[in-house]
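J.: Residues 1 to 498, numbered by the UniProt record's numbering, are exactly what the sequence shown covers, in order.
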Amino acid sequence: MSVAMPKPSEAVLDRRDEIVSALQAIVPGEGVVDATDEMRAFETDGLTAYRQLPLVVVLPDTVDQVSRVLAYCHRNDIPVVPRGAGTSLSGGALPLQDGVLLVLSKFNRVLEIDYDNRSAVVQPGVTNLGITKAVEHRGFYYAPDPSSQIACSIGGNVAENSGGVHCLKYGLTANNVLGIEFVTIEGEVMRLGGKHLDAEGGYDLLGLMTGSEGLLGVVTEVTVRILQKPETARAVLIGFPTSEQAGECVAEIIAKGIIPGGMEMMDRPAIHAAEDFVQAGYPRDVEALLIVELDGPQAEVDHLLAEVEAIGNTNGAVTCRVSQSEDERAAFWAGRKAAFPAVGRISPDYYCMDGTIPRKELPKVLAGMKALSEKYDLRVANVFHAGDGNLHPLILYDANKEGELHRAEEFGNDILRLCVAVGGVLTGEHGVGVEKRDLMPEMFGEDDLKHQQRVKCAFDAKHLLNPGKVFPTLHRCAELGRMHVHKGQVAFPDLPRF
Ligand SMILES: Cc1cc2nc3c(=O)[nH]c(=O)nc-3n(C[C@H](O)[C@H](O)[C@H](O)COP(=O)(O)OP(=O)(O)OC[C@H]3O[C@@H](n4cnc5c(N)ncnc54)[C@H](O)[C@@H]3O)c2cc1C
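1. Excluding sequence positions up to five away, which residues of its chain have a Cβ less than 6 Å from the Cβ of Arg497?
2. Starting from Arg83, follow its DSSP beta bridges and name the residues at the other end.
3. To the nearest angstrom, report how far apart Lys456 and Val420 are at their CA atoms.
4. In terms of residue numbering, what span does the alpha helix (DSSP H) encompassing Val420 cover?
5. Can you tell me the Cα-Cα spacing of Cys167 and Thr48, whole angstroms?
6. Do Val218 and Val177 have their C-beta atoms closer together than 8 Å?
7. Going by C-alpha distance, which of Val470, Phe411, Ile253, Ala273 is nearest Gly387?
8. Output the distance between the C-alpha atoms of Ala255 and Asp98, rounded to the nearest integer angstrom.
9. When you compare only the Cα positions, how much space is there between His451 and Phe444?
10. Whose CA, out of Ile346, Gly130, Gln149, Pro8, lies closest to the CA of Gln52?
11. Beta carbon of residue 501: closer than 7 Å to some heavy atom of ligand 1?
12. Between the Cα of Gly156 and those of Gly86, Pro393, Glu326, Val432, spot the shortest distance and give me the residue it belongs to.
13. Nearer than 7 Å: is that true of the beta carbon of His463 relative to any heavy atom of ligand 1?
14. Buried or exposed: where does Asp114 fall if 16 or more other Cβ atoms within 10 Å of its Cβ makes it buried?
15. Beta-carbon within less than 7 Å of Lys360's beta-carbon, same chain only, minus the 5 sequence neighbours each way: which residues are those?
16. Does Tyr351 pass the burial test, meaning 16 or more other C-beta atoms within 10 Å, or should it be called exposed?
17. For Glu213, I'd like the list of residues in its chain whose CB is within less than 7 Å of its CB, leaving aside the five on either flank, ordered along the chain.
18. Checking 8 Å against the spacing of the C-beta atoms, do Val383 and Arg336 come in under that value?
19. Mind checking who Met263 pairs with in its DSSP beta bridge?
20. Cβ-heavy atom distance between Leu104 and ligand 1 below 7 Å?
21. Would you tell me roughly how many angstroms separate the C-alpha atoms of Arg118 and Ala270, rounded to the nearest one?
22. Would you call His385 buried or exposed, if buried means 16 or more other Cβ atoms sit within 10 Å of its Cβ?
23. Under 7 Å: does the beta carbon of Val224 sit that close to some heavy atom of ligand 1?
24. Whose CA, out of Leu216, Gly403, Gly247, lies closest to the CA of Leu205?
25. With distances taken between CB atoms, is the gap from Glu293 to Pro260 smaller than 8 Å?
26. Is Phe340 near ligand 1, judged by its Cβ being under 7 Å from some heavy atom?
27. What residue range is occupied by the uninterrupted beta strand (DSSP E) comprising Leu449?
28. Tell whether a beta-carbon distance below 8 Å holds between Thr132 and Tyr142.
29. Any idea what DSSP makes of Tyr142, helix, strand or coil?
30. According to DSSP, what are the bridge partners of Cys352?
31. In whole angstroms, what separates the C-alpha of Met39 from that of Asn313?
32. Looking only at DSSP bridge pairs, what is Arg321 linked to?
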């Protein structure tokens, strides 16, 4: 593991048996997993290069149990890592050696569907797609659609503020969550929001919790907005000889005021990998492919499709194919949604990056990535949410070859530095986790980071929730208040700096 984690507490490790017994008293039956071979299933998440067995795994099935587990950990200074389905790509659910892994997968029920208020109340372990499945018979769906939607949990989506191909038009998780119930590290059960937008008075704590990566509280219930399916949706594949032309096309579509339901871009290696895997009908003789989906009333979709095709042509498109049936539209998207596993077939390992740039910087960033690919002697395949400027370069490497993982990580770091340098940000939708933690100073000054940690301190003064994630240096909460530094001596020299 090349990312240093907080040093485990010997005091906690020494008391493991006692801790396991106490947790078994709170969550009886099979809710506590402490055998090494059984805990293996939880030792990593989607960032599989990193693995760590937790102290113990706890699978509660009531809010009261969650509350009592957290209160116990708080009283006994035991770190807690919340986990949904474990698909995080930034290592957010990576366990800690001295930490309880609190898994929410038993919270898997849809509690209420309120069509009048166009909302659904679900437990956090319900999968993203599970929400749509629960309401689709009435013509409704849940809009944010991460490619991992068959597996990832809505609790994880809230914690990561996840996105997907339809977020360009319908917003990220933050724009589709109306309310949550969460439990603080002290065990207090809190509710934010309700069944309609902006249900809170005062500070936007719901906004704060969304994307907080398990550092502020454990989400135990989520109320989401459900939308009526558009009358029609059609997708068009537009192929270009260069990525620059595809980028210009994206910019022009947005500049014309057209907001497609989804607008994705893939480069040649990604196109070929996806086509070989799912036969989506992609052209193989182009350098860049746009998938643009228009949805809404039939007349509007027809009109916009013609406009998008025209914009494609003026930007040098060499192929343009509009879906002629629902099956064909689904096939166009199947290729994009299977792009990650497809790339997994052409390389022993790949490392998925996630950064966001202003759309107009795309050609510059793609050129920079090409140069980095040569510098690190590693191939890269690109899929990205072109409409929002969210890049997902997939760096291909072989973990069995000495030094390749390290080179892939350095390559990835340089891509993220490039994103920040052109005015973008370190993350798009995968969170910071452990993966981008040490790059946070590339984007934020020391003062910015301290301010962010003050927010963390307001929720979790002992830093017990998901420590080692997001913040590159742990500042003890007392240290974040005003303090006197005498003759330049470093304050709190015992604090972990990782
Ligand atoms: C193949 C693949 C494709 C993906 N595609 C996308 C994509 O298109 N868009 C996208 O945004 N992401 C994508 N992801 C990333 C991932 O699926 C999302 O980040 C997802 O939201 C994680 O959900 P999870 O249930 O797996 O959470 P986990 O991985 O279990 O946890 C993620 C983070 O959330 C915290 N957490 C989980 N549950 C709770 C809770 N109840 N309360 C508090 N904190 C909690 C954890 O501590 C951790 O920090 C993809 C992942 C894979 C493997």
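Even for Gly, the Cβ is constructed at its ideal location relative to N, Cα and C.
If you're wondering where the values come from, they're calculated on a predicted model, not measured in any experiment.
T.: According to the structure data:
1. Indexing the sequence shown from 1 puts residue 497 at position 497. Note that Arg497 scores a pLDDT of 47, beneath 50, so its modelled location is shaky and nothing firm can be said.
2. Taking the first residue of the sequence shown as position 1, residue 83 is located at position 83. For Arg83, which the question treats as bridged, DSSP gives the partners Val103.
3. Residue 456 sits at position 456 when you count from the first residue of the sequence shown. Residue 420 sits at position 420 when you count from the first residue of the sequence shown. The straight-line gap from Cα to Cα measures roughly 24 Å.
4. Within the sequence shown, numbered from 1, the residue matching residue 420 stands at position 420. Segment 404-421, the alpha helix (DSSP H) holding Val420.
5. As a first step, residue 167 must be located in the sequence shown, where it is residue number 167. As a first step, residue 48 must be located in the sequence shown, where it is residue number 48. Between Cys167 and Thr48, the C-alpha separation is close to 26 Å.
6. Position 218 of the sequence shown, counted from the start, is the residue given in the question as residue 218. Position 177 of the sequence shown, counted from the start, is the residue given in the question as residue 177. Not a contact, by the Cβ cut-off of 8 Å.
7. Sequence index remark: in the sequence shown, residue 387 carries index 387 (1-based). Comparing Cα positions, the closest option is Ile253.
8. As a working mapping, residue 255 is identified with position 255 in the sequence shown. As a working mapping, residue 98 is identified with position 98 in the sequence shown. So the two alpha carbons sit approximately 51 Å from each other.
9. Numbered from 1 along the sequence shown, position 451 holds the residue referred to as residue 451. Numbered from 1 along the sequence shown, position 444 holds the residue referred to as residue 444. Their Cα atoms are separated by approximately 10 Å.
10. The residue given as residue 52 occupies position 52 in the sequence shown. Closest by alpha carbon: Pro8.
11. Nothing in the structure corresponds to residue 501, since the chain is present only between 1 and 498.
12. Position 156 of the sequence shown, counted from the start, is the residue given in the question as residue 156. Checked all of Gly86, Pro393, Glu326, Val432; the closest Cα to Gly156 is Gly86.
13. For this step, residue 463 is matched to residue 463 along the sequence shown. Not so, every heavy atom of ligand 1 lies at least 7 Å from the Cβ.
14. For the purposes of this step, residue 114 is taken as residue 114 along the sequence shown, with counting starting at 1. Burial call: exposed.
15. Indexing the sequence shown from 1 puts residue 360 at position 360. Cβ within range, chain order: Ala251.
16. Stepping through the sequence shown from its first residue, residue 351 is reached at position 351. Tyr351 is buried by the Cβ-count criterion.
17. As a first step, residue 213 is located in the sequence shown; it is residue number 213 there, counting from the start. The residues are Gly92, Ala159, Glu160, Gly431, Val432, Gly433, Asn466, Lys469, Val470.
18. For the purposes of this step, residue 383 is taken as residue 383 along the sequence shown, with counting starting at 1. For the purposes of this step, residue 336 is taken as residue 336 along the sequence shown, with counting starting at 1. Yes, Cβ-Cβ distance for Val383 and Arg336 is below 8 Å.
19. Walking along the sequence shown from the start, residue 263 turns up at place 263. Answer by DSSP bridge pairing, in chain order: Val292.
20. By one-based count along the sequence shown, residue 104 stands at place 104. Yes; taking the cut-off as 7 Å, the Cβ of Leu104 has a heavy atom of ligand 1 nearer than that.
21. Residue numbering aside, residue 118 sits at position 118 when the sequence shown is read from its first letter. Residue numbering aside, residue 270 sits at position 270 when the sequence shown is read from its first letter. Computed Cα separation, rounded: 37 Å.
22. Mapped onto the sequence shown, residue 385 falls at position 385. So His385 counts as buried.
23. Taking the first residue of the sequence shown as position 1, residue 224 is located at position 224. Not under cutoff, so the answer is no.
24. Here residue 205 refers to the residue found at position 205 when the sequence shown is read from its first residue. Nearest of Leu216, Gly403, Gly247 to Leu205, Cα basis: Leu216.
25. Translated into the one-based positions of the sequence shown, residue 293 becomes position 293. Translated into the one-based positions of the sequence shown, residue 260 becomes position 260. In this structure, Pro260 lies closer than 8 Å to Glu293 by Cβ.
26. Here the question's residue 340 lines up with position 340 in the sequence shown. Yes, Cβ of Phe340 sits closer than 7 Å to a heavy atom of ligand 1.
27. For this step, residue 449 is matched to residue 449 along the sequence shown. Segment 446-459 is the alpha helix (DSSP H) holding Leu449; no beta strand (DSSP E) there.
28. Looking up residue 132 in the sequence shown gives position 132. Looking up residue 142 in the sequence shown gives position 142. Closer than 8 Å, so yes.
29. Taking the first residue of the sequence shown as 1, we reach residue 142 at position 142. Tyr142 falls in the coil class under three-state DSSP.
30. Along the sequence shown, read from residue 1 onward, the residue named residue 352 stands at position 352. Note: Cys352 sits in a beta bridge opposite Leu394.
31. For the purposes of this step, residue 39 is taken as the residue at position 39 of the sequence shown. For the purposes of this step, residue 313 is taken as the residue at position 313 of the sequence shown. Near 55 Å, if we compare the C-alpha coordinates of Asn313 and Met39.
32. Against the sequence shown, residue 321 aligns to sequence position 321. DSSP output for Arg321 lists Leu237 as bridge partner(s).
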